[in-house]
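Participant: Let me begin by handing over the structure; questions about it come next.
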Amino acid sequence: MKRLVTFLLLITLVLSVASCSKHFVTPPTVTVSPSSSPTSTPTTTSIPNLAELKVHFIDVGQGDSILIDLGPTEILIDGGEASPGVVSYLKNYVDGPLEVMVATHPHADHIGGLPAVLNSFQVQQIWYNGETSSSKTYTTFMSAVQAEDAEVHVGKRGDRITTGSLTFTLLNPATLAGTINNNSIVLELSYGKIDFLFTGDAEKEAEAAMLLAADTPVPDVEILKVGHHGSRTASSKDFLVATGPEVAVYMAGTGNSYGHPHQETLNALDQAGAKVYGTDVNSTVIISTDGTTYTITTKK
1311 MKRLVTFLLL ITLVLSVASC SKHFVTPPTV TVSPSSSPTS TPTTTSIPNL AELKVHFIDV
1371 GQGDSILIDL GPTEILIDGG EASPGVVSYL KNYVDGPLEV MVATHPHADH IGGLPAVLNS
1431 FQVQQIWYNG ETSSSKTYTT FMSAVQAEDA EVHVGKRGDR ITTGSLTFTL LNPATLAGTI
1491 NNNSIVLELS YGKIDFLFTG DAEKEAEAAM LLAADTPVPD VEILKVGHHG SRTASSKDFL
1551 VATGPEVAVY MAGTGNSYGH PHQETLNALD QAGAKVYGTD VNSTVIISTD GTTYTITTKK
């Protein structure tokens, strides 16, 4: 009889432990409102040995300038207008040479500040789309490029830019058949599980062409740099469905004469489920990631 009682007690104890173990669930990462502190994406896994990557969407007014910083490796996408320049900002982060400079297209609000960068830093690789312009800004930029002892590349769809442990894939342009905006270099960057898409001023026509390109499919991303400063001419519904961004950053100047960002674009991004940041409202936006989670901080 005692043996039976002991056996029953053991069975009861085992069932009790098994039942309790179901309640030991790892809590998800807390998402904090970015208005008060950084925001993290929920995750339950980690990718070891990845250093912190920081992407700076620099407030240069009505223009684009993006610094990607991974330890000793720095990449600059565009440089805004000649004034205000980005050199003073870059000096806080660029240690040694600037490994890569990308000029997405030859509009002054994207390349105007790049000659000063070339005069201030050694640049190892320069990528542009090969499009020419008769503007003084373009002439000044190309003179600075030619004076720099750098590898110069004309980028097209399918090319890859590699520096350090980072690789960027070009999704646009395939040719220079479109408008200046639609010929913008568009770059994809994957870092662990976190994917970025930098779109320059690419508009709906370029978005449609990218969606049809089977060799370089448009990726699902966590972070989207919104095309053409949040203009209604970009961010088509199909493109937003394909990219599915969690965070969207547009770059525009406060009170700019173009009315950027357009309300139609803000509505489309909201409907796509993206959390929207803009340099006109938030000033410089910095996204930091370890390849698994990311945080967002703003200067405002």
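According to the numbering used here, the residues represented by the sequence shown are 1311 to 1610, in order. Beta carbons are placed, not taken as given, at the ideal position from N, Cα and C, and that holds for glycine.
Could you give the first and the last residue of the continuous beta strand (DSSP E) run that contains Ser1430?
Facilitator: Unbroken run through Ser1430 is the alpha helix (DSSP H), Leu1424 to Ser1430; no beta strand (DSSP E).
Participant: Can you give me the Cβ contacts of Lys1547 inside the same chain, cut-off strictly under 7 Å, excluding the 5 residues immediately before and after it?
Facilitator: For Lys1547, where only same-chain residues beyond five positions count, the Cβ hits under 7 Å are Ala1578.
Participant: Rounded to whole angstroms, what is the Cα-Cα separation between Ala1524 and Leu1481?
Facilitator: Taking the straight line from one Cα to the other gives about 11 Å.
Participant: If the criterion is Cβ atoms closer than 8 Å, does the pair Val1464 and Gly1440 meet it?
Facilitator: Contact flag set, yes.
Participant: Report yes if the C-beta distance between Asp1388 and Thr1414 is below 8 Å; otherwise report no.
Facilitator: Against a cut-off of 8 Å, the Cβ pair of Thr1414 and Asp1388 comes out as a contact.
Participant: If Phe1431 sits next to Met1561, beta carbons under 8 Å apart, how far is it from one beta carbon to the other, in whole angstroms?
Facilitator: With a Cβ gap of about 21 Å, Phe1431 and Met1561 do not count as contacting.
Participant: Starting from Thr1630, follow its DSSP beta bridges and name the residues at the other end.
Facilitator: With the chain covering 1311 to 1610 only, the question about residue 1630 has no answer from this structure.
Participant: CA-CA distance, Thr1479 and Thr1564?
Facilitator: Using only the alpha carbons, I get a separation of about 31 Å.
Participant: Please check the pair Thr1621 and Val1410, which I expect to be a contact at CB under 8 Å, by giving their CB distance rounded to whole angstroms.
Facilitator: Because residue 1621 is not part of the residues shown, which for the chain are 1311 to 1610, the question remains open.
Participant: Which residues in the same chain have their Cβ closer than 6 Å to the Cβ of Tyr1448, if we skip the five residues on either side of it in sequence?
Facilitator: So the qualifying residues of the chain are Pro1416.
Participant: How would you write the range of the beta strand (DSSP E) that Ser1546 sits in, first residue to last?
Facilitator: Per DSSP, Ser1546 belongs to no beta strand (DSSP E) and is neither H nor E.
Participant: Quick one: what's got a C-beta closer than 6 Å to Val1591's C-beta in the same chain, skipping five residues either side?
Facilitator: Same-chain partners within the cutoff: there are none.
Participant: In the structure shown, what three-state DSSP assignment does Thr1447 receive?
Facilitator: Reduced to three states, the DSSP call for Thr1447 is helix.
Participant: Which of the three DSSP states is assigned to Lys1535 in this structure?
Facilitator: Lys1535: strand per DSSP, three-state reduction.
Participant: Between Leu1360 and the rest of its own chain, which residues show a CB-CB distance below 6 Å, the 5 nearest in sequence each way excluded?
Facilitator: Correct list, in chain order: Gly1502, Asp1600 and Gly1601.
Participant: On the criterion of 16 or more Cβ atoms from any shown chain inside 10 Å, does Pro1352 qualify as buried, or is it exposed?
Facilitator: Per-residue confidence for Pro1352 stands at a pLDDT of 39, beneath the threshold of 50, marking its modelled position as unreliable; the derived number appears in the next sentence. Pro1352 should be labelled exposed.
Participant: Need the endpoints of the beta strand (DSSP E) that Ser1598 sits in, please.
Facilitator: Residues Val1595 to Thr1599.
Participant: To the nearest whole angstrom, what separates the beta carbons of Val1433 and Pro1407, a pair I think is in contact under 8 Å?
Facilitator: So it is a contact: roughly 7 Å between Cβ atoms.
Participant: Would the beta-carbon of Gln1435 fall within 8 Å of that of Ala1454?
Facilitator: For Gln1435 and Ala1454, no; Cβs fall outside 8 Å.
Participant: By DSSP's criteria, Glu1384 is part of a beta bridge. Which residues make up the other side?
Facilitator: Bridge partners of Glu1384: Asp1379.
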